[in-house]
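Trainee:
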Amino acid sequence: MNLRRIEAGSLPVESRALAKALIGCILVSEGAQGRASGRIVETEAYLPGDPACHAYTGRSARNATLFGPPHRAYVYQIYGRSLCFNLASEPEGTGAGVLVRALEPLEGIALMETRRGTTVVRDLCRGPGRLTQALGIDRAVDGADLSVGDGLWLAEGVSPPGRIRSSRRIGLTRAAERRLRYYEAGNRFVSGPRNLSPP
DNA sequence: AGGATGATCGTCT
DNA sequence: GACGATCATCCTC
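Next comes the structure, spelled out in structure tokens:
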């Protein structure tokens with residue numbers, strides 16, 4: 003599969019615009035074990051001043067990447083077992099980001115099955131913790147510039163017009179009512195509700 | 001297909 | 001010491 007890398011600076015910086023623009027893009031991981039990739043079908047935006055955003059209470063060792071340049075990878079561990087993959091958003095100095103919640107597996111299915119310990123393709127990348135495991139993303143990825151390295155990068159994909167919908171974000175207790183989750187309507191690899199009415 | 005539950009540990013109070 | 005931007009498993013329908 004010939005993938006065209008997304009060049010630095012061609013993605014939006016504003017959080018909601020970035021969350022929408024990422025739908026359809028392809029996330030690629032390459033390493034000694036081979037290549038694994040998937041098409042992004044679900045994201046969530048975490049805005050400046052958003053009580054649900056990790057940057058809300060100020061800068062710390064964990065969330066420092068969110069305050070760095072836009073589009074750097076922000077990786078953190080949640081519930082003791084799962085890693086979540088985000089892209090920092092907004093200009094440097096402002097803490098915000100976009101969580102990638104689900105991928106539609108494209109390449110390296112066998113590798114993903116090994117890493118995930120299941121052959122249920124629908125379960126390989128459906129959920130933020132699952133997709134990081136399937137792509138072999140670890141905490142060392144935190145802070146990485148995806149436009150430079152060859153281990154993890156973004157490629158151009160296809161987002162059919164009119165297919166992107168929004169809903170409440172998933173799993174939150176704070177600011178849960180805000181419609182900052184974006185997903186491709188009807189796609190079976192979306193992790194939450196996947197056919198809600200348009201806004 | 002969908003709801004409830006417990007595991008598990010880095011980070012911050 | 002409490003709390004998660006979750007997951008796998010077990011249950012019922």
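Numbering (the working numbering), first residue to last: 3 to 201.
For each residue, glycine too, the CB sits at the ideal point set by N, CA and C.
Note that the coordinates shown come from a computational prediction; the quantities given were computed from them, not determined experimentally.
Could you tell me whether the Cβ atoms of Leu20 and Pro14 are closer together than 7 Å?
Mentor: It is a contact, given that the beta carbons lie within the stated cut-off.
Trainee: Taking 8 Å as the limit between beta carbons, can you name the residues of its chain near Glu46, skipping five residues before and five after?
Mentor: So the qualifying residues of the chain are Ala21, Val100, Leu101, Arg103, Arg171, Ile172, Leu182, Arg183, Tyr184.
Trainee: Hey, how far is the Cα of Pro72 from the Cα of Gly145?
Mentor: Rounded to the nearest angstrom, the two C-alpha atoms are 10 Å apart.
Trainee: Let me check one thing: in DSSP terms, what residues is Tyr185 bridge-paired to?
Mentor: The partner list for Tyr185 (beta bridge, DSSP) reads Glu44, Arg167.
Trainee: Starting from Gln35, trace the alpha helix (DSSP H) both ways and give me its first and last residue.
Mentor: Neither: Gln35 is in no alpha helix (DSSP H) and is coded neither H nor E.
Trainee: Does the Cβ of Asp140 have 16 or more other Cβ atoms within 10 Å, making it buried, or fewer, making it exposed?
Mentor: Its Cβ having fewer than 16 others within 10 Å, Asp140 is exposed.
Trainee: For the beta strand (DSSP E) that contains Glu109, what are its first and last residues?
Mentor: Taken as a continuous stretch (DSSP letters only), the beta strand (DSSP E) holding Glu109 covers 99 to 109.
Trainee: Arg196: buried (16+ other C-beta within 10 angstroms of its C-beta) or exposed?
Mentor: Looking at its Cβ environment, which holds 16 or more other Cβ atoms inside 10 Å, Arg196 is buried.
Trainee: Is Val192 helix, strand or coil by DSSP?
Mentor: Coil, per DSSP.
Trainee: When DSSP labels each residue in this structure, what does Arg202 get in the three-state scheme?
Mentor: Outside the modelled stretch of the chain, which goes from 3 to 201, sits residue 202, for which no answer is possible.
Trainee: Taking 7 Å as the threshold (C-beta atoms), are Leu126 and Ala136 in contact?
Mentor: Yes, the pair counts as a contact, with Cβ atoms nearer than the cut-off.
Trainee: Ser17 by DSSP, collapsed to three states: which one?
Mentor: Three-state result, Ser17: helix.
Trainee: Taking Gly151 as the reference, which of Glu16, Gly82, Ala75, Arg180 has the closest Cα?
Mentor: Residue Ala75 is the option with its Cα nearest to Gly151.
Trainee: Evaluate the contact criterion for the stretch 26 to 39 versus the stretch 59 to 72: three or more CB pairs, one atom per stretch, below 8 Å.
Mentor: They do not touch, by the three-pair rule.
Trainee: Please go through the same chain and pick out, in chain order, the residues whose beta-carbon is closer than 7 Å to the beta-carbon of Gly26, but skip the five residues on each side of it.
Mentor: If we look at Gly26 and ignore the five residues flanking it on each side, its Cβ neighbours are Arg41, Ile42, Gly159, Val160, Ser161.
Trainee: Smallest Cα separation from Ser12: which of Gly188, Arg176, Ala157, Thr175?
Mentor: Looking at the Cα atoms, Ala157 is the closest of the given residues.
Trainee: Give me the DSSP bridge partner(s) of Ala112.
Mentor: Paired residues: none, contrary to the question.
Trainee: Note the first and the last residue of the continuous beta strand (DSSP E) segment covering Leu156.
Mentor: Run containing Leu156: 154 to 157, per the beta strand (DSSP E) assignment.
Trainee: Starting from Asp147, follow its DSSP beta bridges and name the residues at the other end.
Mentor: Answer by DSSP bridge pairing, in chain order: Arg74.
Trainee: Taking just the CA atoms, how far does Met114 sit from Ala38?
Mentor: C-alpha separation (whole angstroms): 7 Å.
Trainee: When you compare only the Cα positions, how much space is there between Arg83 and Gly194?
Mentor: One C-alpha to the other measures close to 20 Å.
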